[in-house]
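In what follows, a single structure is set out as structure tokens and then discussed.
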Amino acid sequence: MFHWVPIIFLVFKLAVFGTGMFFAIKWHYDQDKKKKTAPDSTREGSR
Numbered sequence: 857m858f859h860w861v862p863i864i865f866l867v868f869k870l871a872v873f874g875t876g877m878f879f880a881i882k883w884h885y886d887q888d889k890k891k892k893t894a895p896d897s898t899r900e901g902s903r
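Per our numbering, the sequence shown runs over residues 857 to 903.
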């Protein structure tokens, strides 16, 4: 008998990790983009 359960779990695991990696990269890209477009207000608060 062919064991299909590990294959289903592997596909599910790849889908979950792939989605997580996509959103992690997107979040870091958006943070970098927001940091570059925002004025540098960190110097004013570090007196």
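Beta carbons: idealized from backbone N, C-alpha and C, even for Gly.
Could you check the C-alpha separation between Pro862 and Ile881 for me, to the nearest Å?
In the sequence shown, the residue the question calls residue 862 occupies position 6. In the sequence shown, the residue the question calls residue 881 occupies position 25. If you take the alpha carbons of Pro862 and Ile881, they lie about 28 angstroms apart.
When DSSP labels each residue in this structure, what does His859 get in the three-state scheme?
On the sequence shown, residue 859 is found 3 positions in, with the first residue counted as 1. It is coil, neither helix nor strand.
In whole angstroms, give me the CA-to-CA distance for Phe868 and Thr875.
For the purposes of this step, residue 868 is taken as the residue at position 12 of the sequence shown. For the purposes of this step, residue 875 is taken as the residue at position 19 of the sequence shown. In a straight line, the C-alpha of Phe868 is about 11 angstroms away from that of Thr875.
So what does DSSP say about Ala894, is it helix, strand or coil?
Taking the first residue of the sequence shown as position 1, residue 894 is located at position 38. Note: Ala894 maps to coil in three-state DSSP.
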